[in-house]
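Protein chains: 2
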Amino acid sequence: MLYIGIDLGGTGIKAGVVDEKGVIIAKGSCPTAPERGYEAVIHDMAMLAIDVAKQSGHAMNEIKAIGIGLPGIMDPRSGRVPFCTNLAWHDVPLIAEMAKYTDVPVYADNDATVAGLAESVAGISAGCENSVFVTLGTGVGGGVVLGGRVFSGSHGVATEIGHMITVVDGEQCTCGNRGCWERYASATALIREGRRLCEAKPDTALARAVNGDLITINAKHVIDQAKAGDLDCLELFDRYVYHLCVGLVNLINLYDPQVIVLGGGVSHAGQFLLDAVRAKLPDMVFYKAMPYARVELAKLTNDAGIIGAAMLGR
Amino acid sequence: MLYIGIDLGGTGIKAGVVDEKGVIIAKGSCPTAPERGYEAVIHDMAMLAIDVAKQSGHAMNEIKAIGIGLPGIMDPRSGRVPFCTNLAWHDVPLIAEMAKYTDVPVYADNDATVAGLAESVAGISAGCENSVFVTLGTGVGGGVVLGGRVFSGSHGVATEIGHMITVVDGEQCTCGNRGCWERYASATALIREGRRLCEAKPDTALARAVNGDLITINAKHVIDQAKAGDLDCLELFDRYVYHLCVGLVNLINLYDPQVIVLGGGVSHAGQFLLDAVRAKLPDMVFYKAMPYARVELAKLTNDAGIIGAAMLGR
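These protein sequence lines map, in sequence, to chains E and Y. Heads up: the first sequence is residues 1377 to 1690, going by the numbering used here. Heads up: the second sequence is residues 1377 to 1690, going by the numbering used here.
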């Protein structure tokens, strides 16, 4: 059985024909150019799907389903996308628009959800019934798989794990609340704390690494200084890992998955991050004598969006 | 089809024969006396089960399953109870012990989970696929029903919602972490804050209501003063409701249930509590334009443990 997965991003659209096991057998891409409006973007998605099918040597009627991962949320009952901020989509009839170009059933879900599904089919959490994928990027996103299926809740608004409040009255979040986890566990948090460190200590290694140009600090700068053994950045990183573990413990206490997969930009810190999390987490779990989720790094990177989207229709 | 539900508490054991719809057709009880050891307690549970079956006019072979709700956790794979603090149980072979007395299949789960299941079968969340039951008592417990079934996670340690951290570096919790939700949303939190208020303001209405004997303050005292319009207790209660809503929003962001049911001692504040929560929650949810969980008070009270336990075997 074959599926088409479409990874819809703010900049580009990627699509691939994927088999039952999550292996990509053909792929292609095109620009998104969202300023053209949703009709044009959806038209191009459909054409790209037809194109990759042809490229794979299969007719569209051999494709069981088309799945789309998008940077927003999907209402599965209405077939509409209520919000997709990066694309400036509001209440877009995605499924109906796709149906203008193809008879193949179309499914869609949030991109973090889709990436989590990809890992659970063909990645580090392959074969796990229950897993949580955590993207540590500009924000913190989540993809929850329960019983081998994507969990999206009753109204499609579940797994907004980045907006779980972990610090009452904490940092102001874009969502209107204070102290959301993503204010503390995202790359953005590392950058903010790095800048604050440099403002307080203009002579610290991090400030010197960016020649005092604090606006250029990114998460990698902070992590690289910590890796190099700079005490200020190690302290900052340790506090970051504590906040990260607070949220991970909450995920364990609520979802009790077999695996938690860390993805997104900050996860490129690799083993350095994983070791720090694995050192801190055991003291924080509630049932210390019981087995609990192991924490792993994401394995699929660029193609997770295509594979996971394809698996939505499985 | 008939089921037996057993509500195992630290003081008493209650059991009942329950039909498919959650209606109790016979019930009985006996003391727990946990100091006798688990063998005697489990023996008495089995005898009580046989007794209520007889009382209902049905033979044990007409009973499809026995369910037990207990104040601890259950490992469904081993059939053992790893912890049950109130009964001083540690690694108790519950299922094997029950099998000494009856051939009827036995299931067990946490008492908050069981109460949540009862509400979802015969209570306020009846007919809902996805619901979260929150007990606001000495601690905060949770019962999560997803897809019409109890959700216990991969290792039986899920739905420890009271130990979700909402206040990093906050109040010390019995679990070893700081800032768990139950430190702020339980009856214990209302009592602690009531005492702190009276220490800071010895002439406040709450202090006068207990004749300055702060050790006697309970959650009802605090709520009654708030209901009576005392400004100090209203402020305290408002802050309590804020902390409660922080956790409820987290539950919505993670589980996205159709209904959140409030039970336990604090829920006896009734409409006063419900109105306060319903006034504060809408501003805190992430997707304000999308439907989200409605919040309700528990409907079943004393018999929730029997009904929910019985439904474990359904």
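The C-beta atom is built at its ideal place from N, Cα and C for all residues, glycine as well.
Nearest residue (CA-CA) to residue i, options the options
| i | options | result |
| --- | --- | --- |
| Ile1683/E | Gly1386/E, Thr1387/E, Arg1559/E and Ala1391/E | Ala1391/E |
| Asp1427/E | Ile1389/E, Ala1409/E, Asp1467/E and Tyr1616/E | Ile1389/E |
| Asp1485/Y | Asn1553/Y, Ala1655/Y and Ile1382/Y | Ile1382/Y |
| Thr1564/E | Gln1548/E, Ala1491/E and Met1450/E | Gln1548/E |
| Ala1534/E | His1419/Y, Val1543/Y and Asn1506/Y | Asn1506/Y |
| Glu1396/Y | Leu1582/Y, Met1423/Y, Ala1494/Y and Tyr1668/Y | Ala1494/Y |
| Thr1478/Y | Met1450/Y, Ile1628/Y and Met1436/Y | Met1436/Y |
| Ala1686/E | Ala1416/E, Ser1528/E and Ala1425/E | Ala1425/E |
| Leu1620/E | Met1660/E, Cys1551/E, Lys1476/E and Gly1681/E | Met1660/E |
| Gly1689/E | Pro1458/E, Tyr1560/E and Gly1398/E | Gly1398/E |
| Asn1394/Y | Gly1386/Y, Ala1441/Y, Glu1415/Y and Gly1413/Y | According to the sequence shown, residue 1394/Y is Val rather than Asn. Cα-wise, what sits closest to Val1394/Y is Ala1441/Y. |
| Pro1447/E | Lys1430/E, Phe1662/E, Thr1408/E and Gly1646/E | Thr1408/E |
| Asp1679/E | Tyr1379/E, Leu1378/E and Lys1403/E | Lys1403/E |
| Tyr1414/E | Ile1471/E, Met1377/E and Ile1439/E | Ile1471/E |
| Phe1527/E | Thr1489/E, Tyr1560/E, Gly1538/E and Ser1496/E | Thr1489/E |
| Pro1633/Y | Ile1541/Y, Leu1522/Y, Tyr1618/Y and Ile1400/Y | Leu1522/Y |
| Ile1401/Y | Ala1429/Y, Ala1665/Y and Lys1476/Y | Ala1429/Y |
| Asn1462/Y | Gly1499/Y, His1419/Y, Val1480/Y and Leu1384/Y | Leu1384/Y |
| Gly1518/Y | His1644/Y, Ala1665/Y, Leu1378/Y and Ile1636/Y | Ile1636/Y |
| Glu1473/Y | Thr1677/Y, Asn1626/Y and Ala1416/Y | Ala1416/Y |
| Asp1606/E | Thr1580/E, Ile1628/E, Asn1629/E and Val1508/E | Thr1580/E |
| Tyr1663/E | Ala1655/Y, Val1457/Y and Asp1420/Y | Val1457/Y |
| Thr1592/E | Val1480/E, Leu1566/E, Gln1431/E and Val1482/E | Leu1566/E |
| Asn1553/Y | Ile1541/Y, Ser1562/Y and Ala1561/Y | Ile1541/Y |
| Leu1676/Y | Arg1670/Y, Ser1496/Y and Ala1475/Y | Ser1496/Y |
| Gly1503/E | Gly1524/E, Gly1386/E, Cys1609/E and Cys1551/E | Gly1524/E |
| Thr1387/E | Leu1582/E, Pro1667/E, Ala1464/E and Ala1602/E | Ala1464/E |
| His1419/E | Gln1431/E, Ser1432/E and Pro1469/E | Pro1469/E |
| Arg1584/E | Ala1561/E, His1644/E and Cys1609/E | Cys1609/E |
Contacts that residue i makes with chain E (C-beta to C-beta distance below 8 angstroms)
| i | result |
| --- | --- |
| Glu1505/Y | Ser1530 |
Partner residues on chain Y for residue i, Cβ-Cβ distance less than 7 angstroms
| i | result |
| --- | --- |
| Leu1667/E | For the sequence presented, residue 1667/E should be read as Pro rather than Leu. Near Pro1667/E (Cβ distances below 7 angstroms), the residues of chain Y are His1531. |
Contact list for residue i against chain Y, beta-carbon separation under 9 angstroms
| i | result |
| --- | --- |
| Val1526/E | Simply none; closest approach about 12 angstroms. |
| Val1622/E | Ile1541, Val1544, Asn1553 and Gly1555 |
Contacts that residue i makes with chain E (C-beta to C-beta distance below 9 angstroms)
| i | result |
| --- | --- |
| Ile1636/Y | Correct list: empty, because the minimum Cβ distance to chain E is about 11 angstroms. |
| Leu1630/Y | Gly1518, Val1520, Gly1529, Ala1534, Thr1535, Glu1536, Ile1537, Met1540, Asn1626, Leu1627, Leu1630 and Tyr1631 |
| Pro1458/Y | Tyr1663, Ala1665 and Met1666 |
| Ile1449/Y | Tyr1663 and Met1666 |
| His1619/Y | Val1544 |
Check: residue i C-beta below 7 angstroms from any heavy atom of the ligand PLP
| i | result |
| --- | --- |
| Pro1410/Y | The ligand PLP is absent from the structure shown, which contains no ligands of any kind. |
Cross-chain neighbours of residue i in chain E, by beta carbon under 7 angstroms
| i | result |
| --- | --- |
| His1597/Y | Ordered by position in chain E, no residue passes the 7 angstroms Cβ test against His1597/Y, which lies about 25 angstroms from the chain. |
| Met1436/Y | Near Met1436/Y there are no residues of chain E at all, since even the closest Cβ is about 33 angstroms away, more than 7 angstroms. |
| Met1660/Y | Asn1553 |
In chain order, each beta strand (DSSP E) run of at least 3 residues that lies wholly inside the stretch 1491 to 1550 of chain Y: Counting only runs of 3 or more residues that sit fully inside the stretch 1491 to 1550 of chain Y, the beta strand (DSSP E) segments are 1507 to 1512 and 1516 to 1522, in chain order.
Quick one, which residues of the stretch 1534 to 1555 of chain Y are near chain E if we go by CB-CB under 9 angstroms, in chain order? Ala1534, Thr1535, Glu1536, Ile1537, Gly1538, His1539, Met1540, Ile1541, Thr1542, Val1543, Val1544, Asp1545, Gly1546, Cys1551, Gly1552, Asn1553 and Gly1555
Can you list the beta strand (DSSP E) stretches of 3 or more residues lying completely in the stretch 1577 to 1665 of chain E, in chain order? 1635 to 1639
Between the stretch 1648 to 1660 of chain E and the stretch 1573 to 1582 of chain E, do three or more beta carbon pairs fall short of 8 angstroms? no
At a cut of 8 angstroms, does the stretch 1584 to 1599 of chain Y reach the stretch 1608 to 1618 of chain Y through at least three beta carbon pairs? Counting Cβ pairs under 8 angstroms, three or more are found: they touch.
Could you tell me whether the stretch 1440 to 1457 of chain Y touches the stretch 1518 to 1535 of chain Y, using the rule of 3 or more Cβ pairs below 8 angstroms? Yes, the stretch 1440 to 1457 of chain Y is in contact with the stretch 1518 to 1535 of chain Y.
So, does the stretch 1509 to 1518 of chain Y touch the stretch 1630 to 1642 of chain Y, judging by three or more C-beta pairs under 8 angstroms? yes
Fully enclosed by the stretch 1414 to 1497 of chain Y, which beta strand (DSSP E) runs are 3 residues long or longer? Taken in chain order, the complete beta strand (DSSP E) segments of 3 or more residues contained in the stretch 1414 to 1497 of chain Y are 1439 to 1446, 1449 to 1451, 1456 to 1460, 1465 to 1468 and 1482 to 1486.
Take every Cβ of the stretch 1554 to 1569 of chain Y, pair it with every Cβ of the stretch 1617 to 1631 of chain Y, and state whether three or more of those distances are shorter than 8 angstroms. yes
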